[in-house]
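Following: one structure in structure tokens, then a few remarks.
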Amino acid sequence: MESIHHPNLEVFVYQEAKKGNIESGDSYFTYMNEDYFLCAIADGLGSGPIARQSSEIIPMILAEYHHESLDDLLLRCNVLMFKKRGAAVAIFKVNFSSKIIQYSCVGNIKFYMTRENDDKMIYPLPVMGYLSGRPQKLRTQSYTYQPGDLFLFHSDGVELRNPKSTMRNSSGAYDLHNTLIRTIEHGDDATFITGSLLQ
Ligand SMILES: [Mn+2]
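So this is what it looks like as structure tokens:
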């Protein structure tokens with residue numbers, strides 16, 4: 004398990020491969036500097052190495068161009084999907100000084116954010132489809148956050164009946180991580196990333 008522990012945030016990553024495959028068709032990416040945290044999940048179409056060939060483009064591009072806008076990053080990734088199977092991709096950026104999260108997603112990746120003592124849950128809707136190398140419509144959404152807010156980010160290998168109550172019943176990112184490992188159905192390519200936004 005990869006985890007990040009920092010005054011600005013705490014993050015835990017879980018990934019597994021479809022039963023019988025060595026490699027997951029999902030890829031993920033995290034990067035952090037003093038100004039922002041960038042995080043992405045890519046779910047390659049198909050499974051195994053073929054799926055991986057598409058999804059692994061995303062961490063490679065983000066590692067190099069993490070300073071660019073989310074939509075520019077997705078467009079770079081989209082171009083490189085040409086003649087590959089394609090991938091569902093979601094990226095978010097946490098800006099520490101402005102306390103703003105930006106989110107952009109094409110396809111079936113989910114992001115939720117909850118706040119203690121507040122019944123609302125942030126749940127940005129994706130642009131439908133997947134990155135395929137064809138012209139792609141994109142939409143970045145922005146939200147403010149407060150210290151203590153909890154997020155959950157996952158590929159479609161994770162199925163949750165009630166993400167809101169699962170999140171509200173956990174005491175933080177690590178607790179949520181452990182709860183999900185215990186409760187999700189295992190056996191598909193799956194990635195989930197839980198995080199607590201701190202100062
Ligand atoms: Mn999947």
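In this note's numbering, the protein residues as written are 4 to 202. Cβ atoms here follow ideal geometry from the backbone N, Cα and C, with glycine treated the same way. Fair warning: this is a prediction, and the values are worked out from it, not measured in the lab.
Within 10 angstroms of its Cβ, does residue i collect 16 or more other Cβ (buried), or is it exposed?
i           : result
residue 64  : buried
residue 161 : buried
residue 174 : exposed
residue 139 : buried
residue 147 : exposed
residue 1   : No answer is possible for residue 1: it lies beyond the span of the chain, which begins at 4 and ends at 202.
residue 96  : buried
residue 8   : exposed
residue 105 : buried
residue 179 : buried
residue 137 : exposed
residue 30  : buried
residue 168 : exposed
residue 70  : exposed
residue 66  : exposed
residue 25  : exposed
Hey, would you say residue i sits closer than 8 Å to residue j, going by beta carbons?
i           : j           : result
residue 12  : residue 40  : yes
residue 27  : residue 18  : yes
residue 112 : residue 44  : yes
residue 58  : residue 90  : yes
residue 197 : residue 163 : no
residue 141 : residue 77  : yes
residue 73  : residue 143 : yes
residue 202 : residue 10  : yes
residue 134 : residue 92  : yes
residue 126 : residue 170 : no
residue 16  : residue 35  : no
residue 99  : residue 191 : no
residue 88  : residue 23  : no
Output yes if chain B places a C-beta closer than 8 Å to the C-beta of residue i; else output no.
i           : result
residue 129 : Looking for chain B here will not work: only one protein chain is present.
Ligand 1 heavy atoms versus the CB of residue i: any closer than 7 Å?
i           : result
residue 160 : yes
residue 192 : yes
residue 46  : yes
Checking the sheet assignment: what are the DSSP bridge partners for residue i?
i           : result
residue 96  : 41, 105
residue 113 : 157
residue 29  : 46
residue 118 : 121
residue 130 : 109
residue 7   : 14
residue 61  : Residue 61 is not bridged to any residue.
residue 19  : 193
residue 68  : Partner(s): none; residue 68 has no beta bridge.
residue 198 : 14, 154
residue 146 : 104
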